[in-house]
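Peer 1: Pasting a structure below so you can have a look.
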Amino acid sequence: MALTRSAIVATAMAILDAFGLADLSMRRIAGALGAAPAALYWHFANKQSLLAGVAAELIADLDGPATITPDALSEWCHELRDRLLAHRDGAELVSSVLAMRLLEPTPADLLAGSLIRAGFPTAEAGPAARLVVHFILGHTLDRQGYAQSLQLGVAGPAGPDPDEDFTYGVRLLVAGLSANGTG
Numbered sequence: 017m018a019l020t021r022s023a024i025v026a027t028a029m030a031i032l033d034a035f036g037l038a039d040l041s042m043r044r045i046a047g048a049l050g051a052a053p054a055a056l057y058w059h060f061a062n063k064q065s066l067l068a069g070v071a072a073e074l075i076a077d078l079d080g081p082a083t084i085t086p087d088a089l090s091e092w093c094h095e096l097r098d099r100l101l102a103h104r105d106g107a108e109l110v111s112s113v114l115a116m117r118l119l120e121p122t123p124a125d126l127l128a129g130s131l132i133r134a135g136f137p138t139a140e141a142g143p144a145a146r147l148v149v150h151f152i153l154g155h156t157l158d159r160q161g162y163a164q165s166l167q168l169g170v171a172g173p174a175g176p177d178p179d180e181d182f183t184y185g186v187r188l189l190v191a192g193l194s195a196n197g198t199g
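So the sequence shown is numbered by my numbering: it starts at 17 and just counts up by one.
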């Protein structure tokens, strides 16, 4: 496999899925590619920029909702959550990269753009979109963490259905957005 940015990101995603974010190291990625760890730095300045590349790939092709209706907003929220759930530690990875301010555009940027185009007050679109994305990330992080705890045999009782809780939370957020000028 040629040592390219896309090959490095693909290998990093495979390692993420197999071993989790804690075991995603430059050394492990380089080893899987048959390269020296230093060779990765020709393509990524540091591990943080590599993580940003993996997060960008994880949400590649995610657009803001084409229309701002309750159904379209709900579908967008579920799509983002599904993308995060599709990869082990997906929510933790994206949360970390967002905290470092290394992902452009962010999922919140995409949603805010759609909100503004639909007539949502510009000054409120960013904070509203970040609230929605933080809810999705937090819920997904909790769900992925619990799943890992189950695998380790250290989790307590399951509690409420996470899908029902997520759908209810999305409904509340969508109703709030609708009350502020969308939908």
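Note that CB positions come from ideal geometry on N, CA and C, so glycine has one too.
Please report how far the alpha carbon of methionine 42 lies from the alpha carbon of serine 111, in whole angstroms.
Peer 2: One-based indexing of the sequence shown puts residue 42 at position 26. One-based indexing of the sequence shown puts residue 111 at position 95. Their backbone Cα atoms lie some 20 Å apart in a straight line.
Peer 1: Could you check if serine 130 is buried or exposed, using at least 16 other CB atoms within 10 Å of its CB as the buried criterion?
Peer 2: The count along the sequence shown starts at 1 and reaches residue 130 at position 114. Serine 130 should be labelled buried.
Peer 1: Are the beta-carbon atoms belonging to valine 25 and glycine 80 less than 7 Å from one another?
Peer 2: Within the sequence shown, residue 25 is the residue found at index 9, counting from 1. Within the sequence shown, residue 80 is the residue found at index 64, counting from 1. No.
Peer 1: In terms of residues, what are the limits of the alpha helix (DSSP H) holding methionine 42?
Peer 2: In the sequence shown, counting from the first residue as 1, residue 42 sits at position 26. Residues 42-49.
Peer 1: Between the stretch 74-91 and the stretch 114-131, can you find at least three pairs of beta-carbon atoms closer than 8 Å?
Peer 2: yes
Peer 1: In three-state DSSP terms, what is tyrosine 57?
Peer 2: Position 41 of the sequence shown, counting from 1, holds the residue named residue 57. Coil, per DSSP.
Peer 1: Do alanine 171 and tyrosine 162 have their beta-carbon atoms positioned less than 7 Å apart in this structure?
Peer 2: The count along the sequence shown starts at 1 and reaches residue 162 at position 146. The count along the sequence shown starts at 1 and reaches residue 171 at position 155. Yes; because the gap between Cβ atoms is below 7 Å, this pair is in contact.
Peer 1: Over what stretch of residues does the alpha helix (DSSP H) that includes alanine 76 continue unbroken?
Peer 2: On the sequence shown, position 60 is the one that residue 76 refers to. Note, alanine 76: premise wrong, no alpha helix (DSSP H); not H, not E.
Peer 1: So does the stretch 82-96 actually touch the stretch 182-196, counting three or more Cβ pairs closer than 8 Å?
Peer 2: yes
Peer 1: Going by DSSP in three states, aspartate 98 sits in which element: helix, strand or coil?
Peer 2: As a working mapping, residue 98 is identified with position 82 in the sequence shown. If DSSP states are grouped into helix, strand and coil, aspartate 98 belongs with the helices.
Peer 1: Flag this pair as yes or no: are the beta carbons of alanine 141 and isoleucine 132 separated by less than 7 Å?
Peer 2: Indexing the sequence shown from 1 puts residue 141 at position 125. Indexing the sequence shown from 1 puts residue 132 at position 116. Contact: yes.
Peer 1: Can you give me the Cβ contacts of methionine 116 inside the same chain, cut-off strictly under 7 Å, excluding the 5 residues immediately before and after it?
Peer 2: The residue labelled residue 116 in the question sits at position 100 within the sequence shown. Around methionine 116: Gln64.
Peer 1: From aspartate 39 to leucine 32, what does the alpha carbon distance come to, in whole angstroms?
Peer 2: The residue given as residue 39 occupies position 23 in the sequence shown. The residue given as residue 32 occupies position 16 in the sequence shown. It is roughly 8 Å from the alpha-carbon of aspartate 39 to the alpha-carbon of leucine 32.
Peer 1: Buried or exposed, going by whether 16 or more other CB atoms sit within 10 Å of the CB of threonine 198?
Peer 2: Residue numbering aside, residue 198 sits at position 182 when the sequence shown is read from its first letter. With a pLDDT of 49 at threonine 198, under the threshold of 50, the predicted position of this residue should be treated as unreliable, and no value is reported.
Peer 1: Below 8 Å on the Cβ atoms is my contact criterion, and I expect aspartate 105 with glycine 36 to pass it. Report the Cβ-Cβ distance as a whole number of Å.
Peer 2: The count along the sequence shown starts at 1 and reaches residue 105 at position 89. The count along the sequence shown starts at 1 and reaches residue 36 at position 20. Going by Cβ atoms, the distance from aspartate 105 to glycine 36 rounds to 5 Å, so yes, they are a contact pair.
Peer 1: Considering Cα atoms alone, identify which of Gly47, Ala61 and Ser194 is closest to alanine 144.
Peer 2: Your numbering for residue 144 matches position 128 in the sequence shown. Selected option, being the one with the closest Cα: Ser194.
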